[in-house]
Each structure stands twice: as structure tokens, then as C-alpha cells.
Amino acid sequence: MNEGAQKVRVAVLGCGVVGTEVVRTLVEHADELHARTGTRLDLVGIGVRSVATPRDSVVPTDLLTEDLTGLVRRADLVIELLGGIEPARALILEAIGSGASVVTANKALLAQHGPQLYAAADDARVDLFFEAAVAGAVPVVRGLRESLAGDRITRILGIMNGTTNYILDEMTASGLDFETALAQAQQLGYAEADPTSDVEGLDAAAKAAILASLAFHSRTSLADVPAQGIRDITPADIDSAAQTGHVIKLLAIAEVGRYDGTPGIAVRVHPALVPTDHPLASVRGPYNAVFVEAEAAGTLMFYGAGAGGVATSSAVLGDVVAAARNVVNGGKAPSESAHAALTSMPPEAVRTRYQIRIEVVDRPGVLAEVAALVAGRGISIETVRQGAFDVDDVAELVIVTHEGSESALAATVVDLDTLDVIKRITSILRVEGN
Ligand code: NAP
């Protein structure tokens, strides 16, 4: 379609939480979108599983269809808001194959099949935009892809899952245990009935894989991201973190490093202690934030609503406007950049600091024995503190280490377990953000 085109035919696939809000904007802001794109966005159909399902009154029911493949074939711009892998993947490939540009919010799909979809879009010379796939309304994808395209990013620390941030925040602010905070999140609509993907860190891992690919110009998929969730975090962990000036956050971390002399990328998701004066510590409730460290720009933080139909529709519509302008002007955004081709470092090569809480027999000499064992494994200790716990001749030691490797930590834990004076290793948490 060339300059002066009368309209861009738009198909919306999915009319759920996000799809409904996208349709609302397309219908209610049609004139403004026309002015911004230079063309009329003509909504030609809305693909759903069942046309019989009751819809919001803004949805033009005559445009609903269960024939999604047919709909895709008569569009210039396809907005995929179905979720899941299939049929979303096949429909996006169908759209690209028939020359349509695509906007998607589907992190699960991109984290698993991104390279196939980016390559198809490249070959067909159409756009594939996905701002809403990471951190909802927060414009971090465009920030990395365009604004920071001339810089070198070294590290990303993100709170990319609102459900878990809400739960941890409630545990911190109100002293709730995990199960109670989760139930509260479900009542408020911040957590789904099946919260597995959120609380196990899988949702954050998919987003981390997408951001790592963009930030480091290399291909990273979900399979490269070890994820640990927040189910095991206890009020005692939260209290212990507070005593050393930290809060616990579920972090998605992507960084460049070296392994055996070769540069590589490490991406991981796990709960971590974050100092209370770090910008990420102030991210409350269901909000998202992505903290970026770059060689020239220094540190930046992108912050905002990470989910919700209305907020997410903002990111989708931003992509729609960009894609429609390109349809009108005959151009295309730059392709996926994977020129650096960095590979994933093994998880055991990652270096971080640890907080280890252990219950020990309360007698003289124990501290020295534990400290000697940890140091013997090449992990140096920054602080040791005796915890509040002190009953039945059992005391708690809280050890914070300097930076060490995951492999050294694993070996240390095995050895600690063999010491007679140790009753139990209560928790091991990483310390990030210093
Ligand atoms: P949703 O409320 O479950 O809506 C999904 C829609 O897709 C429904 O209208 C459903 O049709 C339709 N659909 C699903 N499978 C289909 C199939 N096989 N054939 C035809 N139609 C099908 O989902 P959502 O929350 O809007 O999420 C959509 C996408 O946005 C997902 O990729 C999600 O990860 C992403 N996202 C969501 C949020 C958020 O806050 N919700 C935030 C960021 C990104 P019926 O209505 O007929 O069932």
C-alpha cells in the first residue's frame, strides 16, 4: 500500500481482556488514529473462539468471526491477542505470508518461536511489533530496540511480573504469608485462578528472554532462562532481608559476561534481596520496572503498569500506529538484530552474592567452623549476623557473601550439610542490585 492509501484493513484476533480494549480504541478514537497514521484504520473483523459469547457493547458484533484464517487473509495489519502458541503462531505466519504486518502481545509465543517469526517477517518485508509482550504499557521494547540501539547494554534487572510483585509487596508491607497474599491477589484480579506461570517465574522468564535478545543482539529463548519462583519465600525471609536493609523482589536478570574466556549471556529469574535504596525496591504492588545498565547512558529505569486490558492496549496501539505508518509509506522497521550471536553461559558460571540462613548448634566455635568451610570453597564472607531465632540450644546465623560463582555456592551447600553443628539450611537467596 502506498502514500495516499485510503485505508489500512485491520484484523484483531482475540476479543478478551486486551482485545476488547484495543477494539474500543480503534472504534472510539478512529479519527485521531487517522490523523496520526495518515490513513483510516478499517476494522475488518475480530476473530474469536465463539461468536456466541456475550461481549462489551463497544464490540461491533457483525465483525465477529470464528474463521480466523479467512480474516487474516483479508487484512493489511493483523493484531494477535489470542495468547498461547497455536493457533497464534500459524495465524501470524499466515498473515506475514499474505503480506500483512503483525502486532502481537504474545510473550509465550515470541520466547519460544521468535526467531522463526522474525525471519518470516523479514523475508516478507513486513513489520512484526511486540511492545505489549514485555511489561504491558511500559515502552521498554522500543527503548531497547530504538533509543538504545547505538549504546552497549551490559545488564538488565527487571520486575516483569506484577502478580509476584504484588504478593511479595503484601508479604513485606502487611506481614502476610505467601498463600494468604496469593489468595488476596486472586480476589483483586492480579493473579489468575491457576497462578503457576506467574509464581514459578515462567512468565518473567519469557519476557527476560525477549529483552535479552533485543539488548544483546543475540538469540535467547525461554529454554536458556533458568527460573525459580517465589512459593518458598517465607515471612522469616522477608524479616531477615529487612534487618539488613533489603526487600525481596522476583528479578529477571540478563547480563553479558565471560565464561572460559568467551563472552556470553546469562539470563535468569529468581527471588533476590534488593537494597531498599535501589530504584527497584520502590516498585510497589502490581507495577513493573526494568532497570537498564548501559555503557554510555549509565543507568535508566522504565516503570509503569505491567498488565491490565486498558494499559496494555496503549502499547498495542503504539505498535499499530507505527505499523500503519509503514504500510502507508511503504517502509519497514529494522529487522531483528542478532549480529552479536552471543551464546548462553552455563548457569553455574553466573556470579552473584548470597545470603545464607542456617540453624546451628548454639555453642562457642561454631561460627568459626562455618566461616572456615565457606571460605575454603572460595566464597568470601562479607558479614555474619546471629539471627533473632534462639531456642533449644539452636541459633540462627545469617551469612552474606561477597560475589562468588553458582558452582562454588552449590559445592559449599553440599559441604555445609555435612557439618554436625548445622541443624538446617533455612534459605539461600541471591543479593542483587549493589
Ligand atoms: P483473554 O482475555 O484470554 O482473551 C483471549 C481471546 O482470544 C478471547 O477473545 C478468545 O476467544 C480468543 N481465543 C483464544 N484462543 C482462540 C482460538 N483458538 N481461536 C479463536 N479465538 C481464540 O487473553 P488476554 O488477557 O486478552 O491476553 C491476550 C494476549 O495479550 C496474550 O498473549 C497475553 O499474554 C497478552 N497480554 C495480556 C495482558 C493482560 O493484562 N491481560 C498484558 C500483557 C500481555 P473467546 O472470547 O471466544 O473465548
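Converting from the sequence shown to the numbering used here requires adding 9 to each position, the first position being numbered 1.
For each residue, glycine too, the CB sits at the ideal point set by N, CA and C.
- Opening and closing residue of the beta strand (DSSP E) in which residue 309 lies: 307 to 314
- Query: With respect to the beta strand (DSSP E) encompassing residue 297, which residues constitute its N-terminal and C-terminal limits?
  - Reply: 296 to 303
- Message: If you follow the beta strand (DSSP E) that residue 52 is in, where does it begin and where does it stop?
- Response: Its beta strand (DSSP E) spans residues 49 to 56.
- Taking 7 Å as the cut-off, decide whether the C-beta atoms of residue 121 and residue 231 are in contact. Yes; because the gap between Cβ atoms is below 7 Å, this pair is in contact.
- For residue 289, does the count of other Cβ atoms within 10 angstroms reach 16, so buried, or fall short, so exposed? buried
- Determine the burial state of residue 366: buried for a count of at least 16 other Cβ atoms within 10 Å of its Cβ, exposed for fewer. buried
- Span of the alpha helix (DSSP H), counted from its first residue to its last, around residue 255: For residue 255, no alpha helix (DSSP H) run applies; the uninterrupted beta strand (DSSP E) run containing it begins and ends at 255 to 268, by DSSP.
- Item | Alpha carbon of residue 202 to alpha carbon of residue 390, nearest angstrom | Going from the Cα of residue 202 to the Cα of residue 390 covers about 42 Å.
- Item | Own chain residues within Cβ distance below 6 Å of residue 206, not counting five before or after | 212
- Message: Quick check: residue 45 and residue 178, are their CB atoms within less than 7 Å of each other?
- Response: No, they are not a contact pair.
- Should residue 114 be listed as close to ligand 3, given that the test is whether its C-beta is under 6 Å from any heavy atom? With respect to ligand 3, the structure offers nothing, as its ligand set consists of ligand 1.
- Using alpha carbons as the reference points, say which of 342, 210, 295 lies closest to residue 281. 210
- Message: Let me check understanding here. Comparing Cα to Cα, which of 437, 405, 347 lies closest to residue 131?
- Response: 347
- Message: According to DSSP, is residue 349 part of a helix, a strand, or is it coil?
- Response: coil
- Query: residue 198 to residue 383, Cα distance in whole Å?
  - Reply: 44 Å
- For residue 407 and residue 277, the rounded distance between their alpha carbons: 24 Å
- Message: Using only the alpha-carbon positions, how far apart do residue 416 and residue 233 sit?
- Response: 17 Å
- Task: Assess, as a yes-or-no matter, whether the stretch 68 to 78 is touched by the stretch 53 to 60 under the definition of 3 or more beta carbon pairs within less than 8 Å.
- Result: With a cut-off of 8 Å, the stretch 68 to 78 and the stretch 53 to 60 count as touching, because enough Cβ pairs lie within range.
- Where does residue 364 fall in DSSP's three states? In the structure shown, residue 364 sits in a strand (DSSP, three-state: E or B).
- Query: If you pair each beta-carbon of the stretch 169 to 178 with each one of the stretch 239 to 251, do three or more pairs fall below 8 Å?
  - Reply: yes
- Considering only the beta carbon of each residue, do residue 321 and residue 27 sit closer than 7 Å? yes
- Query: residue 272 bridges to which residues according to DSSP?
  - Reply: 267
- Message: So the candidates are 116, 135, 247, 117; which of them puts its Cα closest to the Cα of residue 102?
- Response: 135
- Cβ of residue 91 within 6 Å of any heavy atom in ligand 1? yes
- Task: Look at the alpha carbon of residue 394 and the alpha carbon of residue 139, and state the distance between them as a whole number of angstroms.
- Result: 46 Å
- Message: Less than 7 Å between the beta carbons of residue 164 and residue 304, yes or no?
- Response: no
- Task: Take residue 160 and list the residues in its own chain whose beta-carbon comes closer than 7 Å to its own, dropping the five residues that flank it on each side.
- Result: 303, 304, 305, 306
- Query: Quick one: is the Cβ of residue 62 within less than 6 Å of any heavy atom of ligand 1?
  - Reply: yes
- Message: Only counting the same chain, and skipping five residues up and downstream in sequence, which positions put a Cβ closer than 6 Å to that of residue 364?
- Response: 282, 409, 438, 440
- Task: Flag residue 59 as yes when its Cβ comes closer than 6 Å to any non-hydrogen atom of ligand 1, and as no otherwise.
- Result: yes
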